[in-house]
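> The structure is given below, and queries will be raised subsequently.
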């Protein structure tokens, strides 16, 4: 059928033009629509449902670790933004300013929050009095605005949805521990639920968050070898607390500044899902966040009893806790196959008259396309096993891609050779000097991704300056 | 104890100064904190948790009726806002304008959404092609901004959280039906879950939403007799569709404009909960949205086994699906009682050494203060029964307040007498002329609340002009 082809042909092959493939997917799988404001996208039902599933899992993980949700205002008065010097320098160039309210110009302009450290600290200064109020473990789900020049759905937009955690602690050690704990929750979330392997480590001073003492990151490698920063967790020391005069009466009755963290994951992670798992046929969604985990397609649906059998099978799978869609639309089976493949539905169940007679159905995994004949009796378990196998499969495939594209480099020649081979992670030693980090960016057009927690000793010297190496660092090019 | 008193004395008596009582509650029950921007509040964990519970219930009701969530941008270009004439006239005077992005002035200023009809219609114009795409049943959870002059937490703020549903339909009849269906969901939500009786009806043309053909409303009466508009549902006809050129190929292949609705409930509803159910001791939260439904307070907690018994009792109640807090803090029982009463926890369970010995506990309802001795065996059911009794009790009390403050008035003299007695609902007939509606506002300082669906015949003529009466209308003064 013409329509069958239309659905599939419209996607650019993944290895022909990865950027165009990505753009095709986000539009044709109906994840987003572009809005009237450049760089601000509309999340359509299918795209937003992925975000709702992400929210549900992360929110549970946050609450299980004692965090509470709050809601902060959208606007930050300019004077408040300016209280912490490094922070304002980092963010002021890319914020949107409200200068008029109703028909009157504002006495002080307000920035639309690019992140909310300043708002949280202003609040903390009023509600933290004693060590008994600590730790204060807050999170909020909201959107933030950064006036980016070049934009791309999910990856870089002028407005994006995220969660931002903000916590205050009695001691530096406790805050450091929180910073690591939340990074670890992000790592677990990516690997266990999204099936995206991540590299965890610390950002260099050059790449850390504006105003932070230390920034920790998880970096995922996309299909094309480029890196995507998928979650960050920041340790602030008491810098913001001093700037905002947040103090508490300590156990010894002295007045002290609390120690702070913040951490965030955004809708960028949907971009990571697309670019880690997708293929020539479209999206491949990890079951934990897929809006539809199983699609049931009746074959020869006009024949007696087929639609009814398909419907009751769908109900049975739903009752087992799966998210199921029965596609009883008028389209041909072939069109439906292509459509649901493009939209990344992990498992397809086909059910025709002969299947019904034989008490079985055909199950097709989205990642491998493998067909399995499954008995209808106990299909819930069979479907769950296939979903679980798919989870293992896409994780392994992503891991293998990362391994193939990761090169350990002992010196500059090896780095140059690795970069020439194509995008990936390039491991090397580093002296710790910003000058060498900048030189690397200049010479090889790569940036530092992180200093991995799992350090190796590849050589004794920094490949740039030849001085003593302090760390192993991972380089790459990033989205 | 001094602290016991402090917690309670700090609230102004409800009948002494209702406004101050309200302000005391929202601050001292830790629902909100004021932010650095006038009229924008911070929802603290306890206040936000109420909103999360409201969201969970409404979101389920929306999804059960086929609605899908989406996310629209925060910004509306001025040219887009201006496309529908009545709409822009209604909203332009109270929007916040972004005029600068990063370091550059914007070519076109952007308003921060006060509501999103224009954004949805712009999107609909791109995604609606055929009758097969209809109905399109969308909702979003977000915040909106209206630059109000005088503000009050929950009731009127410059930024507030809400949900806005936006739907498009093949026929006017179907859209009208949707408008009514969603109002009915709001009514059910208020009465069944929040235990707030509401009056449902249609707004007059003067009071309807900017750009709507008809606005339907549910009006709740607060403790002081004033009215609070608690949810609205609008029917737009095809006015916006024409303005935004949204067209679809109908079943007969002709190009037609779809018919539209929108509907919303906001954090105002938390103000309604406070002002409907609260009393001199503070908040009274309906169990369905209370962050803590049962607080367990150990008595003589230093005695052996008391804390353990209280903890296991709390676990047992949690396992039965209740939201439970064990208050094992160092405060005195009296302070805890006052504190949790102020915060509106529906049920308190006290457990001391003698109770444990007797296999029982003391259960105290927040609304009546009644104490009941309950056996520990089967306490889950006993607690649920008391919560259910409280639900009935607070609904009845609110209904009684409304009945006592509702007066049927046959003529102007009766209206004047009723208004003189104090705030309430004043029912009268009305000719349907805007001039008479405005005259009423002028003379008695009351506004029309709605034309109730349940109409009565109180007289034959409009009390203002003496012409033939067309409707029964309800007047009141509103928050």
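Protein chains in written order, with this note's numbering: chain L, 14 to 492; chain D, 14 to 492. Here a beta-carbon is modelled for each residue, glycine too, at the ideal position from N, C-alpha and C.
1. Would you report the Cα separation of residue 271 (chain D) and residue 461 (chain L), rounded to the nearest angstrom?
2. Mapping the DSSP letters down to three states, classify residue 23 (chain L) as helix, strand or coil.
3. Could you pull out every unbroken alpha helix (DSSP H) segment of at least 4 residues lying fully inside the region 127 to 173 of chain L, listed in chain order?
4. Would residue 428 (chain D) and residue 457 (chain D) qualify as a contact pair, given that the criterion is a beta-carbon distance under 8 Å?
5. Please classify residue 473 (chain L) as buried or exposed, where buried requires at least 16 neighbouring CB atoms within 10 angstroms.
6. For a cutoff of 8 Å on Cβ pairs, would you count residue 57 (chain L) as touching chain D?
7. The beta strand (DSSP E) with residue 463 (chain D) in it runs from where to where?
8. Count Cβ pairs between the region 205 to 224 of chain L and the region 171 to 178 of chain L that sit closer than 8 Å; are there 3 or more?
9. Measure the C-alpha to C-alpha separation of residue 392 (chain D) and residue 68 (chain D) and round it to an integer number of angstroms.
10. How about residue 253 (chain D) and residue 134 (chain D): are their beta carbons less than 8 Å apart?
11. Once the 5 residues before and after residue 293 (chain L) are set aside, which same chain residues still bring their CB inside 6 Å of it?
12. Of the residues that make up the region 161 to 188 of chain D, which ones have a beta carbon closer than 7 Å to any beta carbon in chain L?
13. Where do the N-terminal and C-terminal ends of the alpha helix (DSSP H) with residue 453 (chain L) fall, by residue?
14. Do you know whose CA, among L:295, L:161, L:226, L:31, lies nearest residue 41 (chain L)'s CA?
15. On a Cα-Cα basis, can you pick out the residue from L:417, L:37, L:98 that is closest to residue 256 (chain L)?
16. If you follow the alpha helix (DSSP H) that residue 63 (chain L) is part of, which residue opens it and which one closes it?
17. By a C-beta neighbour count over all protein chains shown, 10 Å radius and 16 as the cutoff for buried, is residue 416 (chain L) buried or exposed?
18. Measuring straight from C-alpha to C-alpha, what distance separates residue 356 (chain L) and residue 71 (chain D)?
19. Ends of the beta strand (DSSP E) at residue 442 (chain L)?
20. Is any non-hydrogen atom of the ligand FMN found closer than 7 Å to the C-beta of residue 146 (chain D), if you look at the structure I gave you?
21. Hey, residue 125 (chain L) and residue 87 (chain L) are a contact pair by Cβ (cut 8 Å); roughly how many whole angstroms apart?
22. Residues of chain L with CB under 7 Å from residue 81 (chain D), in chain order?
23. Can a CB atom of chain D be found closer than 8 Å to the CB of residue 93 (chain L)?
24. Can you look up residue 46 (chain D) in the DSSP assignment and give me helix, strand or coil?
25. Around the Cβ of residue 318 (chain D), are there at least 16 other Cβ atoms within 10 angstroms (buried) or fewer (exposed)?
26. Apart from the five residues just before and just after residue 484 (chain D), which ones in its own chain have a Cβ nearer than 6 Å to its Cβ?
27. First and last residue of the alpha helix (DSSP H) that includes residue 257 (chain D)?
28. Count the other C-beta atoms from every protein chain shown that fall within 10 angstroms of the C-beta of residue 121 (chain D), then say buried if there are 16 or more, exposed otherwise.
29. Looking at C-alpha atoms only, which residue of D:334, D:310, D:173, D:316 is the closest neighbour of residue 324 (chain D)?
30. Straight-line CA distance for residue 365 (chain L) to residue 338 (chain L)?
31. Where does residue 14 (chain D) fall in DSSP's three states?
32. Which residues in the same chain have their Cβ closer than 8 Å to the Cβ of residue 43 (chain L), if we skip the five residues on either side of it in sequence?
33. Counting only beta-carbon separations shorter than 8 Å, does residue 113 (chain L) have a partner in chain D?
34. Can you give me the C-alpha to C-alpha distance between residue 137 (chain D) and residue 149 (chain D), rounded to a whole angstrom?
35. Using CA coordinates, which residue listed in D:307, D:286, D:308 is at the minimum distance from residue 298 (chain D)?
36. Tell me which residues of the region 127 to 141 of chain L have at least one Cβ-Cβ distance to chain D shorter than 8 Å, keeping chain order.
In brief:
1. As a first step, residue 271 (chain D) must be located in the second chain, where it is residue number 258. As a first step, residue 461 (chain L) must be located in the first chain, where it is residue number 448. Approximately 53 Å between the Cα atoms of the pair.
2. Here residue 23 (chain L) refers to the residue found at position 10 when the first chain is read from its first residue. Reduced to three states, the DSSP call for residue 23 (chain L) is coil.
3. 130 to 140
4. Within the second chain, numbered from 1, the residue matching residue 428 (chain D) stands at position 415. Within the second chain, numbered from 1, the residue matching residue 457 (chain D) stands at position 444. Contact flag set, yes.
5. Working through the first chain from its first residue, we reach residue 473 (chain L) at position 460. Exposed, because fewer than 16 other Cβ atoms sit within 10 Å of the Cβ of residue 473 (chain L).
6. Position 44 of the first chain holds residue 57 (chain L). Yes, because at least one Cβ of chain D sits closer than 8 Å to the Cβ of residue 57 (chain L).
7. Numbered from 1 along the second chain, position 450 holds the residue referred to as residue 463 (chain D). Its beta strand (DSSP E) spans residues 460 to 465.
8. no
9. Counting from 1 along the second chain, the entry for residue 392 (chain D) is found at position 379. Counting from 1 along the second chain, the entry for residue 68 (chain D) is found at position 55. Cα-Cα distance, rounded: 29 Å.
10. Mapped onto the second chain, residue 253 (chain D) falls at position 240. Mapped onto the second chain, residue 134 (chain D) falls at position 121. Cβ atoms of residue 253 (chain D) and residue 134 (chain D): closer than 8 Å.
11. In the first chain, the residue the question calls residue 293 (chain L) occupies position 280. Cβ neighbours of residue 293 (chain L) beyond the five flanking positions: 26, 27.
12. 172, 174
13. For the purposes of this step, residue 453 (chain L) is identified with residue 440 of the first chain, where counting begins at 1. Counting along the chain, the alpha helix (DSSP H) containing residue 453 (chain L) begins and ends at 447 to 457.
14. Numbered from 1 along the first chain, position 28 holds the residue referred to as residue 41 (chain L). Ranking L:295, L:161, L:226, L:31 by Cα distance to residue 41 (chain L) puts L:295 first.
15. Translated into the one-based positions of the first chain, residue 256 (chain L) becomes position 243. Out of L:417, L:37, L:98, L:98 has the C-alpha closest to the C-alpha of residue 256 (chain L).
16. If you number the first chain from 1, residue 63 (chain L) lands on position 50. Here the alpha helix (DSSP H) through residue 63 (chain L) covers 58 to 77.
17. To locate residue 416 (chain L), count along the first chain from 1; it is residue 403. When all chains shown are included, residue 416 (chain L) counts as exposed.
18. If you number the first chain from 1, residue 356 (chain L) lands on position 343. If you number the second chain from 1, residue 71 (chain D) lands on position 58. Spanning the two alpha carbons is a distance of roughly 28 Å.
19. Your numbering for residue 442 (chain L) matches position 429 in the first chain. Where residue 442 (chain L) is concerned, the enclosing beta strand (DSSP E) stretches over 438 to 443.
20. With respect to the ligand FMN, the structure shown offers nothing to examine, as it has no ligands at all.
21. Counting from 1 along the first chain, the entry for residue 125 (chain L) is found at position 112. Counting from 1 along the first chain, the entry for residue 87 (chain L) is found at position 74. Indeed they touch by this definition, with Cβ atoms about 6 Å apart.
22. The count along the second chain starts at 1 and reaches residue 81 (chain D) at position 68. What residue 81 (chain D) touches in chain L: 58.
23. Sequence index remark: in the first chain, residue 93 (chain L) carries index 80 (1-based). Yes, contact with chain D.
24. The residue given as residue 46 (chain D) occupies position 33 in the second chain. In the structure shown, residue 46 (chain D) sits in a strand (DSSP, three-state: E or B).
25. By one-based count along the second chain, residue 318 (chain D) stands at place 305. It is exposed - the Cβ of residue 318 (chain D) has fewer than 16 other Cβ atoms within 10 Å.
26. Mapped onto the second chain, residue 484 (chain D) falls at position 471. Excluding positions up to five away in sequence, the list reads 443, 464.
27. Indexing the second chain from 1 puts residue 257 (chain D) at position 244. Neither: residue 257 (chain D) is in no alpha helix (DSSP H) and is coded neither H nor E.
28. Here residue 121 (chain D) refers to the residue found at position 108 of the second chain. By the neighbour-count rule (16 or more Cβ atoms within 10 Å), residue 121 (chain D) is not buried but exposed.
29. Mapped onto the second chain, residue 324 (chain D) falls at position 311. Residue 324 (chain D) has its Cα closest to that of D:310, out of D:334, D:310, D:173, D:316.
30. Translated into the one-based positions of the first chain, residue 365 (chain L) becomes position 352. Translated into the one-based positions of the first chain, residue 338 (chain L) becomes position 325. Straight-line Cα distance between these residues: approximately 17 Å.
31. Start at 1 with the first residue of the second chain, and residue 14 (chain D) comes out as number 1. Any reading at residue 14 (chain D) must be qualified, since the residue scores a pLDDT of 38, below 50, and its modelled position is unreliable; no value is offered.
32. By 1-based counting over the first chain, the position of residue 43 (chain L) is 30. Same-chain partners within the cutoff: 57, 58, 59, 60, 356.
33. In the first chain, the residue the question calls residue 113 (chain L) occupies position 100. Yes, contact with chain D.
34. In the second chain, residue 137 (chain D) corresponds to position 124, counting from 1. In the second chain, residue 149 (chain D) corresponds to position 136, counting from 1. Residue 137 (chain D) and residue 149 (chain D): Cα-Cα distance of roughly 9 Å.
35. Position 285 of the second chain, counting from 1, holds the residue named residue 298 (chain D). For the residues D:307, D:286, D:308, the minimum Cα distance to residue 298 (chain D) belongs to D:286.
36. 132, 135, 136, 139, 140
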